[in-house]
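Notes follow the structure.
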Amino acid sequence: MSALATWNREARIRRATPADAADIAEVLRQSFVEFEPWYTPKGFAATTPDEHAVKRRMDEGPIWVALWGDSIVGTAAAVFNGEKGLYVRGIAVIPSARGRGLAESLLNELQTFARSSGYQRLSLTTTPFLSSAIRLYERFGFLRVPDGADDLFGTPLLTMAKDLSH
Numbered sequence: 022m023s024a025l026a027t028w029n030r031e032a033r034i035r036r037a038t039p040a041d042a043a044d045i046a047e048v049l050r051q052s053f054v055e056f057e058p059w060y061t062p063k064g065f066a067a068t069t070p071d072e073h074a075v076k077r078r079m080d081e082g083p084i085w086v087a088l089w090g091d092s093i094v095g096t097a098a099a100v101f102n103g104e105k106g107l108y109v110r111g112i113a114v115i116p117s118a119r120g121r122g123l124a125e126s127l128l129n130e131l132q133t134f135a136r137s138s139g140y141q142r143l144s145l146t147t148t149p150f151l152s153s154a155i156r157l158y159e160r161f162g163f164l165r166v167p168d169g170a171d172d173l174f175g176t177p178l179l180t181m182a183k184d185l186s187h
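Numbering (the numbering used here), first residue to last: 22 to 187.
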């Protein structure tokens, strides 16, 4: 059996609980620390919230985690964005777990949730220097759109969206 097949068999996605908040905060920190020089200090802090901020985010919408064995190695969150839209944020996979389809699995889980909840649009913002993430979002059907924020505390952003209405 290939290493990827073994990984996929061992990996799973589930909804996060408040008990996961510290691990989620650590995944976000590990996932983005290599890009910290391109963020403003406030932009990086917003991208890598601490445990308490992660718990507050759980009140704003669902969060999922990707697990390998008992370890949380990835995460994705959603924020309710009006009646028809769901805003995706905090998609992250730790560097040692990248390239194994976990981010795509998290996006699939989020999209399934959005469709079953009646949402017609997914949107997200990302930074132009996260080129691997942008390629993933484009493969997943997200398109760049002109609406949305253009910076996060001085860190440049671009907005992407995916229509789920058909």
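Glycine is no exception: its CB is placed at the ideal position from the N, C-alpha and C atoms.
Model, not experiment: these values are computed from the prediction.
Could you give the residue range of the beta strand (DSSP E) that holds I155? Premise fails: I155 lies in the alpha helix (DSSP H), S152 to R160, not in any beta strand (DSSP E).
For V94 and A118, believed in contact at Cβ under 8 Å, the rounded distance: About 4 Å separates the Cβ atoms of A118 and V94, confirming a contact at the 8 Å cut-off.
Length of the line joining the Cα atoms of A170 and D184: So the alpha carbons of these two residues sit roughly 19 Å apart.
Can you tell me whether D41 is buried or exposed, with buried defined as 16 or more other CB within 10 angstroms of its CB? buried
Can you tell me which residues form a DSSP beta bridge with V86? R35 and T96
Taking 6 Å as the cut-off, is the C-beta of F56 nearer than that to any heavy atom in the ligand COA? Within the structure as shown, the ligand COA is missing, as the structure has no ligands at all.
With DSSP as the reference, label D41 as helix, strand or coil. helix
Round the Cβ separation of T147 and L107 to the nearest angstrom and send it over; I've been treating them as touching at under 8 Å. That pair is no contact at about 16 Å.
Beta-carbon proximity check, V86 vs A37, cutoff 7 Å: Going by C-beta atoms, V86 is nearer than 7 Å to A37.
Please determine, among T61, Y60 and G82, the residue with the shortest C-alpha to C-alpha distance to A135. G82
What does a CB cutoff of less than 6 Å around M181 pick up in its chain, not counting 5 residues either side in sequence? L145, Y158, F163 and R165
Close beta carbons around L88, own chain, < 6 Å, minus the five adjacent residues each side: R33
For G169, which of helix, strand or coil comes out of DSSP? coil
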